[in-house]
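Visitor:
Number of protein chains: 2
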Amino acid sequence: MSCLLCHECALVPGKAPRYHRLVSNRPDLSLAQRKRQLVATELTEAALQLLALNGFDAVTVDEIATTAGVSKRTFFRYFASKEDVVVQFLADMGADMRAGLAARPAEERPSEALLHAVSVPLTVCGDHAERALPVVRLILRTPALLARFLEHEARWREELTEELAERLGLDPAVELYPRLAAGMAIAAFDTVLHRWSAEGDAGGAEDPTALIGRAFALLAPALDREAVS
Amino acid sequence: MSCLLCHECALVPGKAPRYHRLVSNRPDLSLAQRKRQLVATELTEAALQLLALNGFDAVTVDEIATTAGVSKRTFFRYFASKEDVVVQFLADMGADMRAGLAARPAEERPSEALLHAVSVPLTVCGDHAERALPVVRLILRTPALLARFLEHEARWREELTEELAERLGLDPAVELYPRLAAGMAIAAFDTVLHRWSAEGDAGGAEDPTALIGRAFALLAPALDREAVS
DNA sequence: CACTGCTTGACACTCGGTGACACGAGCGGC
DNA sequence: GCCGCTCGTGTCACCGAGTGTCAAGCAGTG
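Given below as structure tokens:
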């Protein structure tokens, strides 16, 4: 897995929070794996540059591939779609969120546990703002990318629903609460990201970690109700 | 605008709740308009039948068009994409929701106003369950259609955000509350639709109008807080 | 050296979607 | 009657995303 946020680093999977390390610094990877990693970053680098410059629709996969020095066919061996080259890293965020929720103590109130789960990817964004902010803006203002982003959010909601239901011993097919609570958490995430990436005075000014705290302060009375219907 | 839910009727735009009338019963429409209406319903009929039978990916636009007796080019003069032929009616739902919110008295609590707004399209679904349920299930279980559905939901959230901000005199670019509240309402809508369209015991059993009421009972303490941050 | 397995490029193909153009039906004016 | 107009449609050519297939290159291994 390559990391879109840190210039040219690779993520070590299976640990949370994930380690970010330079590809050239990884003697534990085989040569083949490092070559593969190199092609992937080359491809995303080329894509981000071209897309930010010319807009999503004006750039073809062929252009991205040849800019990175490979063929179009190879591009699709690395990424499932043209959108994925920008959005792929969101899949890891979902796994991080779920893991973050699972790691919280069982007696913690739902609002606290969900806040910490959702904060994990937001803090990563905040810590790499110079690189993350333009990418987020590109995603949110490009319809095709936004659509894929929404698909990822929906998948996150699904995962949080399962994790939350298991945590509370509820059946997500019967009770409304788990999916509703997960939906509220994702709505908070989305609102914060939208606000953070806004142009103008409010944009980028406030830290996403602080924003998500304010959002959850609003949601808490609904998330922590005793009477779970 | 054709109405996907009622077998072969046309919606009269600009009124809420919309009138549903048979195409053949519309002397106020010109011959050309009725012909256009006829082709549109023929297309959606053919599409729904083929897609439900063979799955979304296994059916080409050419098949749908020739089944309906027109050319592929003509299909795209009626619908912007292959998904649109199934999902297009959702655009009206968004307008209905916004209009429903705007129509509520200004002094009403946000939870009440939003509940009524979101209930409008859900009640329509519940009233035409025999026809609406299979369509909703087709959408939610087909990735490509689900993606378009999520895009529509996002648009609805945007509209509710604007309407709510105006209603409360808040700046949606600064305050988190409007977008967050709209997101909660959409999350409730989504949860209800998901639960309603579920297979098995819970599926279709409870009325969507009743379900949305229960969902909003959970959300109300967060939606109606005095201290709007 | 021969064998194996993996990655890649080249090529052909399907299908969603669009632009251009020509044809015919309906319609008003003369 | 005929002309010219508009509008909807079919045909055709085209672009770009995405996939299947195959042969070539190259690392590792005996």
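Top line first, the protein sequences correspond to chains V and D. All residue numbers for the first sequence refer to our numbering, where the first residue is 271 and numbers rise by one. All residue numbers for the second sequence refer to our numbering, where the first residue is 271 and numbers rise by one. Here a beta-carbon is modelled for each residue, glycine too, at the ideal position from N, C-alpha and C.
On a CA-only basis, which of V:ALA417, V:PRO448, V:ALA485 and V:ALA338 is nearest GLU436 of chain V? Give me that one, please.
Guide: Comparing Cα-Cα distances from GLU436 of chain V to each of V:ALA417, V:PRO448, V:ALA485 and V:ALA338, the minimum goes to V:PRO448.
Visitor: Is ARG374 of chain V near ALA365 of chain V, with beta carbons less than 8 Å apart?
Guide: No. Outside cutoff.
Visitor: Of all Cβ atoms in chain D, is any one closer than 8 Å to the Cβ of LEU489 of chain V?
Guide: Interface residue, yes.
Visitor: VAL406 of chain D by DSSP, collapsed to three states: which one?
Guide: Helix at VAL406 of chain D.
Visitor: Can you confirm whether the segment 427 to 443 of chain V touches the segment 407 to 414 of chain V when touching is taken to mean that 3 or more C-beta pairs between the two stretches lie within less than 8 Å?
Guide: Touching, no.
Visitor: Tell me, please, whether the segment 339 to 350 of chain D touches the segment 389 to 397 of chain D by the rule of three or more beta-carbon pairs shorter than 8 Å.
Guide: Flag = no, the segment 339 to 350 of chain D and the segment 389 to 397 of chain D do not touch.
Visitor: Which value, in whole angstroms, describes the spacing of the CA atoms of GLU353 of chain D and LEU416 of chain V?
Guide: Each residue's alpha carbon lies about 17 Å from the other.
Visitor: Given a threshold of 16 other Cβ atoms within 10 Å of its Cβ, counted over all protein chains shown, does THR330 of chain D qualify as buried or as exposed?
Guide: So THR330 of chain D ends up on the exposed side.
Visitor: Can you check the segment 421 to 486 of chain D for any alpha helix (DSSP H) of at least 4 residues that lies completely inside it and give the ranges in chain order?
Guide: Fully enclosed alpha helix (DSSP H) runs of 4 or longer: 447 to 466.
Visitor: Any C-beta of chain D sitting closer than 8 Å to the C-beta of THR461 of chain V?
Guide: Yes - at least one Cβ of chain D is within 8 Å of the one on THR461 of chain V.
Visitor: With 8 Å as the threshold, decide whether the Cβ of GLU333 of chain V is near any Cβ in chain D.
Guide: So no, GLU333 of chain V is outside the interface.
Visitor: Just the C-alpha distance for GLY453 of chain V and LEU489 of chain D, rounded to the nearest angstrom, thanks.
Guide: Between GLY453 of chain V and LEU489 of chain D, the C-alpha separation is close to 11 Å.
Visitor: Should SER499 of chain V be flagged as near chain D, meaning a C-beta pair shorter than 8 Å?
Guide: Residue placement at SER499 of chain V is flagged as unreliable, the pLDDT there being 46, under the threshold of 50; a coordinate-derived value is accordingly withheld.
Visitor: Give a yes or no on contact between the segment 385 to 393 of chain D and the segment 456 to 470 of chain D, applying the rule of three or more CB pairs nearer than 8 Å.
Guide: Yes: at least three Cβ pairs fall under 8 Å.
Visitor: Of all the CB atoms in chain D, is at least one closer than 8 Å to the CB of MET454 of chain V?
Guide: For MET454 of chain V, the answer is yes, since a Cβ of chain D falls inside 8 Å of its Cβ.
Visitor: Inspect the beta-carbon positions of VAL355 of chain D and THR314 of chain D and report whether they are closer than 8 Å.
Guide: Yes. Within cutoff.
Visitor: Please state if the CB of LEU321 of chain V and the CB of LEU420 of chain V are separated by a distance shorter than 8 Å.
Guide: Against a cut-off of 8 Å, the Cβ pair of LEU321 of chain V and LEU420 of chain V comes out as no contact.
Visitor: Out of D:ARG401, D:ARG427 and D:GLY483, which one is the CA nearest neighbour of SER467 of chain D?
Guide: Nearest of D:ARG401, D:ARG427 and D:GLY483 to SER467 of chain D, Cα basis: D:ARG401.
Visitor: Considering only residues of the same chain and omitting the five flanking positions on each side of ARG495 of chain V, which have a CB-CB separation below 7 Å?
Guide: Closer than 7 Å at Cβ, skipping near neighbours: no residue.
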